[in-house]
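**Student:**
Numbering (our numbering), first residue to last: 381 to 504.
#1: For residue 407, list the residues DSSP reports as bridge partners.
#2: Thinking C-alpha only, which one of 410, 384, 413, 429 is nearest residue 402?
#3: For residue 443 versus residue 425, is the C-beta distance shorter than 8 Å?
#4: Considering just the uninterrupted stretch of the beta strand (DSSP E) at residue 414, what are its terminal residues?
#5: Could you give the DSSP three-state label for residue 486: helix, strand or coil?
#6: Would you call residue 383 buried or exposed, if buried means 16 or more other Cβ atoms sit within 10 Å of its Cβ?
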């Protein structure tokens with residue numbers, strides 16, 4: 381609020397101009413004047429919070445939200461790929477360390493037959 385006084389503080393002929401800080405919108409008249417009866421020419425205005433963002437601010441938020449969403453999708457894909465690779469490696473290691481049992485070749489427990497080895501060994 382910016383006021384000018386011709387005859388003293390808030391006296392006849394005084395004029396007040398109103399404005400709001402950034403982010404608020406003036407609701408009511410921009411200027412009031414004190415008339416000869418000592419009353420202001422209108423109701424005192426107020427500053428209200430803007431309900432929506434100005435177009436410039438909205439245009440900055442939208443691309444930022446898209447970039448954040450794309451980043452999260454890429455991150456989720458990378459994590460999924462890493463988890464799949466770890467599972468595959470663990471599964472391979474598990475199959476590499478599985479012990480043979482007697483049912484796997486048809487021999488007795490702790491005795492395993494290898495026809496290629498046995499025939500090579502028998503001939504020497």
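Cβ coordinates follow ideal geometry from the N, Cα and C atoms, glycine included.
**Tutor:** So, to answer that:
#1: 426
#2: 429
#3: no
#4: First-last for residue 414: undefined, no H or E at that position.
#5: Note on residue 486: pLDDT 49, under 50, position unreliable in the model; no value is reported.
#6: exposed
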